[in-house]
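Residue 62 is where the sequence shown starts when you use our numbering, and the numbers rise one by one after that. Just below is one structure, and these are the notes that go with it.
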Amino acid sequence: FFSKGRRVVDIKFICNREALVTTADSRIRYIDLKKSEQRFKYKGHTNKTMNIRTSISGDLDLIMSASEDGKIFIWKNMQQEEKEFDTSSKKNNRSDEYE
Numbered sequence: 062f063f064s065k066g067r068r069v070v071d072i073k074f075i076c077n078r079e080a081l082v083t084t085a086d087s088r089i090r091y092i093d094l095k096k097s098e099q100r101f102k103y104k105g106h107t108n109k110t111m112n113i114r115t116s117i118s119g120d121l122d123l124i125m126s127a128s129e130d131g132k133i134f135i136w137k138n139m140q141q142e143e144k145e146f147d148t149s150s151k152k153n154n155r156s157d158e159y160e
């Protein structure tokens, strides 16, 4: 997942299939552990010299991190949005009842 030099400072496991990995290059990566691939990358905060940990809300909708510049960053969990989109897109699939 990572090139040489990206020090991992925090890992949060989600539902035994996914993880949030925070690295010292000011990035938070959403990893699909079953597929061994990065799904999303969150950036904007600064995390280069401190070991700043990442949090996720209880409903998994928000990802939060402090920043070395004293700010707090909150991102919408793109994995949750993708699940919502996938659910609604299934309504557009053709089936016998629509034909």
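Think of the CB as a built atom: it goes at the ideal place given N, C-alpha and C, for glycine as much as any other residue.
| Asked | Found |
| --- | --- |
| Expressed to the nearest angstrom, what Euclidean distance is found between the alpha-carbon atoms of S118 and R90? | 16 Å |
| Roughly how many angstroms lie between the CA atoms of S97 and D130, to the nearest whole one? | 32 Å |
| On the DSSP letters alone, give me the boundaries of the beta strand (DSSP E) that M125 sits inside. | 123-127 |
| Where W136 and L123 are concerned, what is the direct C-alpha to C-alpha distance, given to the nearest angstrom? | 6 Å |
| Taking C-alpha atoms, which residue in D71, R68, L81, R67 lies nearest to L121? | L81 |
| With a threshold of 16 other CB atoms inside 10 Å of the CB of I113, please say whether the residue is buried or exposed. | buried |
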